[in-house]
Amino acid sequence: MAKKLMKGCEAVAEAAIQAGCHFFFGYPITPQNDIPEYMAARLPKVGGCFLQAESEVAAINMVYGAAASGARVMTSSSSPGVSLKQEGMSYLAGAELPCVVVNMVRGGPGLGSIQPSQGDYFQATRGGGHGDYHPIVLAPSSVQEAVDMMQDAFDLADVYRTPVMILADGIIGQMMEPVEFHESTSKRELPKKDWAATGWSPASGRPRAVVNSLYIEVDELQEMNDRLQARYKIIRETEAKAETYNTDGAEIIVCAYGTVARICKSAIAICEKKGVKVGLVRPITVWPFPEKQLKEVMDQPSVKKAITVEISAGQMVEDVRLTVNGAKPVEFFGKPGSYTPTAEEIAEYIMKSREA
Amino acid sequence: MQTVFKKTPVLTDAILHYCPGCGHGIVHRLVAEVIEELGIQDRTVAYVPVGCAVFGYKYFNVDSVEAAHGRAPAAATGTKRTDPNRVVFTYQGDGDLASIGAAEIVHAAHRGEKITTIFINNAIYGMTGGQMAPTTLVGQKTTTSPYGRDENHCGKPIRIAEMLATIEGSAYIERVAVNTPANIVKAKKAIKNAFECQLAGKGFSLVEVLSNCPTNWGMSPVESMEWLEKNMIPYYPLGVKKDITKEV
Amino acid sequence: MVKLTIDEGRCKGCGLCVRACPKKILELAKNKLNEKGYHPAQMMDIEACVACASCARTCPDAVITIEKE
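Protein chains in written order, with this note's numbering: chain G, 1334 to 1689; chain A, 188 to 435; chain Y, -16 to 52.
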């Protein structure tokens, strides 16, 4: 298929539809309004349903209901709205329901800004709501990558019966880039949703469906948590993904995700010109964090330190430190709020850090 | 022998966890009987709340979903919109529906969502131990209004049926009570009308059921039914508040 | 002839059926406790029962079954 110039939000929405998502419940918030707008226009044409909810709280609970009935379903929002969805996220995780949630992250805390940010990393990767759970969190660094990961986002949700979050900074959502849509087919074996509440009678030939996250007996709640943790273990072992760039024999490893990782590539080129070899490890899944991939790169004798670059006060840097586990220094460069660093600023930090 | 009355199979055989004399059991049975009579067990999905009816999924013998506190109308919307052939009902108490879930119920009605809501108004938070609800009567003592509800401090109780009847999307709204056998028969008829309204695709339907809470009201079951009649019905008048199903 | 069966094990002795009965022929069995510790309802005079089912309709625990010749 020919390349098409598309805004990130619209491309994500189209990719979701092509991945078989015909139901969307959302609420307006900048900078992700193009997703519900696109869905509102397209879903009725493919026999699906777009509904503008009265709030983000309602939207995520509509997603809960649609998922409980076995539908492929999605919602999207931006930081303050995603905070409101956290209650629902916890229930989705507890009731073991699949869905996709897109967060086009903006600056915070509070109302913050409408400019891009990476300040929601903790919320996304640590669960965000109450209880011991993690959504799978995917972090695209280009519009094309966001498009390419939508099919697998829904498949991952179905396979592991978990919410999956697309954690994209507002730049990905608002930037136009050429994208290509490939025929979307699942690469995974998808389980039957025989647990879904679709209507039952004694003649149905399956147990009555009860979609629920309430386990009032200690043993039963333990069993549910054990089931989740066993699943998370498999996810950690098999689903972590990262891009490595220019890492062979590098002296410094930059770790960054999303749009910032692309800026880091330009910074690496600047350093290269100055004769300093810098590599990049870019987590594509931020939960599970690609520990193995990062560790392998950091274990190279040439590597002296890691520098994590984020549009935050330093969130992913904690995962980098946990991974490196004191073996080598891990530094942080970035600012909280919505300040996107330039390639020159990053390169300057790297060069100075080298002298220090 | 001819059977005059027996428990409907749309209620499971599980023993209800409710306190002795609690109206929840009566209303559960009425809903289940209506589902049986309409022959819709195999296409019904129940949404149960947070509150005393939190274990509703153990009793309604239909596919069931446990919703977050107050969110049942939104979650039920998710099921109804993805599969309009499902018959979807929510079963909610006054804390769940009239307090934390006020936005969700108003907007389900506002969208004319083709779902049915059974709203239990017993003027108190039962599950959490008898705290004040938005429907608690003025002067009524609860654990968080120990001197009686003071209208100057926290307002007068909210009349949900009347409020929702003002919303265009509401198709059938009625308030009933389960204090006497005669009122129980009327309550069942109202619940049936509400489900039939959904089946006919007319819009949002809700039955507010005035019920009792003997434990947290601090009364015997029989006294509580009398208290309901003397105190609740005068403030919450029974009857049909809106019905567009008979319009041509 | 009316046959009225009370599932005593499920009865919580709330007394709503006693209040509902127009013939006043139901009562709570004062000298009997079920497994849960409640005094279950009992029929005093089945001959007087008219099978109106007011008791069964009022019962929150669906413990009453009524059959009629």
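A virtual CB, placed ideally from N, CA and C, is assigned to each residue, including glycine.
**OP:** List the whole-angstrom C-beta distance separating Asp1488/G from Ser1519/G, where the pair is believed to meet the contact cut-off of C-beta under 8 Å.
**Re:** For this step, residue 1488/G is matched to residue 155 along the first sequence. For this step, residue 1519/G is matched to residue 186 along the first sequence. Confirmed, about 5 Å.
Original post:
When you compare only the Cα positions, how much space is there between Met412/A and Gly1462/G?
Top reply: Reading the second sequence from its first residue, position 225 is the one you call residue 412/A. Reading the first sequence from its first residue, position 129 is the one you call residue 1462/G. Cα to Cα, the separation comes out at about 41 Å.
Original post:
Quick one, which residues of the segment 353 to 369 of chain A are near chain Y if we go by CB-CB under 9 Å, in chain order?
Top reply: Within the segment 353 to 369 of chain A, the residues whose Cβ lies closer than 9 Å to some Cβ of chain Y are Val365, Thr367, Pro368, Ala369, listed in chain order.
**OP:** Run the CB neighbour count on Val33/Y, radius 10 Å, all protein chains shown included, and call it buried at 16 or more, exposed below.
**Re:** Residue 33/Y sits at position 50 when you count from the first residue of the third sequence. Exposed.
Original post:
Where does Lys267/A land, buried or exposed, given buried means 16+ other C-beta within 10 angstroms?
Top reply: Here residue 267/A refers to the residue found at position 80 when the second sequence is read from its first residue. Label assigned to Lys267/A: buried.
Original post:
Would you say Ser1402/G faces chain A, with C-beta separation under 8 Å as the test?
Top reply: Residue numbering aside, residue 1402/G sits at position 69 when the first sequence is read from its first letter. Taking Cβ atoms only, chain A reaches closer than 8 Å to Ser1402/G, which makes this a yes.
**OP:** Answer with yes or no whether the minimum CB distance from Pro207/A to chain Y is below 8 Å.
**Re:** Locating residue 207/A in the second sequence gives position 20, where the first residue counts as 1. Yes, Pro207/A counts as interfacial toward chain Y.
**OP:** Reducing DSSP to helix, strand and coil, say where Cys1432/G ends up.
**Re:** In the first sequence, counting from the first residue as 1, residue 1432/G sits at position 99. Cys1432/G carries a strand assignment under DSSP once its states are collapsed to helix, strand and coil.
**OP:** Can you check the segment 1511 to 1597 of chain G for any alpha helix (DSSP H) of at least 4 residues that lies completely inside it and give the ranges in chain order?
**Re:** 1551 to 1571
Original post:
Is DSSP giving Arg258/A helix, strand or coil here?
Top reply: Along the second sequence, read from residue 1 onward, the residue named residue 258/A stands at position 71. In this structure, Arg258/A counts as coil in the three-state DSSP scheme.
**OP:** Kindly indicate which residue of Met1437/G, Thr1592/G, Asn1436/G, Glu1677/G has the alpha-carbon position closest to the one of Glu1643/G.
**Re:** The residue you call residue 1643/G lines up with position 310 of the first sequence. For the residues Met1437/G, Thr1592/G, Asn1436/G, Glu1677/G, the minimum Cα distance to Glu1643/G belongs to Thr1592/G.
Subject >> Straight-line gap, Gln1456/G to Trp414/A (C-alpha atoms, nearest Å) >> reply: One-based indexing of the first sequence puts residue 1456/G at position 123. One-based indexing of the second sequence puts residue 414/A at position 227. Using only the alpha carbons, I get a separation of about 49 Å.
**OP:** Mind checking which residues open and close the alpha helix (DSSP H) that includes Asn399/A?
**Re:** As a first step, residue 399/A must be located in the second sequence, where it is residue number 212. Counted as a single uninterrupted DSSP element, the stretch harbouring Asn399/A is not any alpha helix (DSSP H), since DSSP gives it neither H nor E.
**OP:** For Glu1693/G, I'd like the list of residues in its chain whose CB is within less than 7 Å of its CB, leaving aside the five on either flank, ordered along the chain.
**Re:** Lying before the first or after the last residue shown, residue 1693/G is absent from chain G, which here runs from 1334 to 1689.
Original post:
For the putative contact between Ala262/A and Gly1398/G, defined by C-beta atoms under 8 Å, what is the C-beta separation to the nearest angstrom?
Top reply: Here residue 262/A refers to the residue found at position 75 of the second sequence. Here residue 1398/G refers to the residue found at position 65 of the first sequence. At roughly 4 Å, the Cβ-Cβ gap stays under 8 Å, so Ala262/A and Gly1398/G are in contact.
Original post:
Checking contacts by CB at 8 Å: is Phe192/A closer than that to chain Y?
Top reply: If you number the second sequence from 1, residue 192/A lands on position 5. Chain Y, which has a Cβ nearer than 8 Å to the Cβ of Phe192/A, makes this yes.
Original post:
Using a Cβ-Cβ cut-off of 8 Å (strictly less than) and excluding sequence neighbours within five positions of Phe242/A, which residues of its own chain qualify?
Top reply: Counted from its first residue, the second sequence places residue 242/A at position 55. Closer than 8 Å at Cβ, skipping near neighbours: His204, Val235.
Subject >> Candidates Ala387/A, Thr195/A, Leu351/A: closest to Gln228/A by CA position >> reply: One-based indexing of the second sequence puts residue 228/A at position 41. Closest by alpha carbon: Thr195/A.
**OP:** With distances taken Cα to Cα, identify the nearest neighbour of Cys341/A among Ala348/A, Ala352/A, Val325/A.
**Re:** Reading the second sequence from its first residue, position 154 is the one you call residue 341/A. Cα-wise, what sits closest to Cys341/A is Val325/A.
Original post:
DSSP beta-bridge partners for Gly280/A?
Top reply: In the second sequence, counting from the first residue as 1, residue 280/A sits at position 93. BP columns for Gly280/A point to Ile307/A.
Original post:
Of all the CB atoms in chain G, is at least one closer than 8 Å to the CB of Thr432/A?
Top reply: Taking the second sequence and counting its residues from 1, one reaches residue 432/A at position 245. No - not a single Cβ of chain G is within 8 Å of the one on Thr432/A.
**OP:** Report the rounded CA-to-CA distance for Lys429/A versus Asn248/A, giving the unit in angstroms.
**Re:** Position 242 of the second sequence, counted from the first residue, corresponds to residue 429/A. Position 61 of the second sequence, counted from the first residue, corresponds to residue 248/A. Approximately 30 Å, taken between the alpha carbons.
Original post:
Is the CB of Arg1541/G under 8 Å away from at least one CB in chain A?
Top reply: Here residue 1541/G refers to the residue found at position 208 of the first sequence. Answer yes: the Cβ-Cβ gap between Arg1541/G and chain A drops below 8 Å somewhere.
Original post:
Of all the options Leu1471/G, Ile1504/G, Asp1502/G, Lys1526/G, which has the alpha carbon lying nearest to the alpha carbon of Gly1403/G?
Top reply: Counted from its first residue, the first sequence places residue 1403/G at position 70. Looking at the Cα atoms, Lys1526/G is the closest of the given residues.
**OP:** Could you tell me the distance, in whole angstroms, from the CA atom of Leu198/A to the CA atom of Lys328/A?
**Re:** As a first step, residue 198/A is located in the second sequence; it is residue number 11 there, counting from the start. As a first step, residue 328/A is located in the second sequence; it is residue number 141 there, counting from the start. The straight-line gap from Cα to Cα measures roughly 34 Å.
Original post:
Among Ile202/A, Glu395/A, Ile360/A, which one has its Cα closest to the Cα of Ile305/A?
Top reply: On the second sequence, residue 305/A is found 118 positions in, with the first residue counted as 1. Residue Glu395/A is the option with its Cα nearest to Ile305/A.
Original post:
Of the residues Arg1615/G, Ile1586/G, Thr1641/G, which one's Cα is nearest the Cα of Ser1635/G?
Top reply: The sequence position of residue 1635/G within the first sequence is 302, counting from 1. Considering only alpha carbons, the answer is Ile1586/G.
Subject >> Inter-residue spacing [alpha-carbon to alpha-carbon] between Lys375/A and Gly226/A >> reply: Numbered from its first residue, the second sequence carries residue 375/A at position 188. Numbered from its first residue, the second sequence carries residue 226/A at position 39. Answer to the nearest angstrom: the Cα atoms are 15 Å apart.
Original post:
Taking Gly1441/G as the reference, which of Arg1687/G, Val1492/G, Ala1374/G, Ser1450/G has the closest Cα?
Top reply: Taking the first residue of the first sequence as position 1, residue 1441/G is located at position 108. The residue with the shortest Cα to Cα distance from Gly1441/G is Ser1450/G.
Subject >> Within chain C, the residues that Trp1533/G reaches when beta carbons sit closer than 7 Å >> reply: Annotation note: the requested chain C is absent from the structure, which comprises protein chains G, A and Y.
Original post:
What does Gly212/A reach in chain Y if we use C-beta pairs closer than 8 Å?
Top reply: Indexing the second sequence from 1 puts residue 212/A at position 25. Within 8 Å Cβ-Cβ: Cys42, Pro43, Asp44, Ala45.
Original post:
If you draw a straight line from the C-alpha of Ala240/A to the C-alpha of Val1543/G, how long is it?
Top reply: Within the second sequence, the letter at position 53 stands for residue 240/A. Within the first sequence, the letter at position 210 stands for residue 1543/G. Approximately 15 Å, taken between the alpha carbons.
**OP:** Flag Met1395/G as yes if its beta-carbon sits less than 8 Å from any beta-carbon of chain A, otherwise no.
**Re:** Residue numbering aside, residue 1395/G sits at position 62 when the first sequence is read from its first letter. Closer than 8 Å: yes.
**OP:** For chain G, find out if any of its Cβ atoms is closer than 8 Å to the Cβ of Arg258/A; answer yes or no.
**Re:** As a first step, residue 258/A must be located in the second sequence, where it is residue number 71. Yes, because at least one Cβ of chain G sits closer than 8 Å to the Cβ of Arg258/A.
Subject >> Cβ contact check for the segment 417 to 431 of chain A and the segment 15 to 33 of chain Y: 3 or more pairs under 8 Å >> reply: These segments do not touch.
**OP:** State the Cα-Cα distance for the pair Val(-15)/Y and Pro1540/G, rounded to the nearest angstrom.
**Re:** Here residue -15/Y corresponds to residue number 2 of the third sequence, with the count starting at 1. Here residue 1540/G corresponds to residue number 207 of the first sequence, with the count starting at 1. Using only the alpha carbons, I get a separation of about 37 Å.
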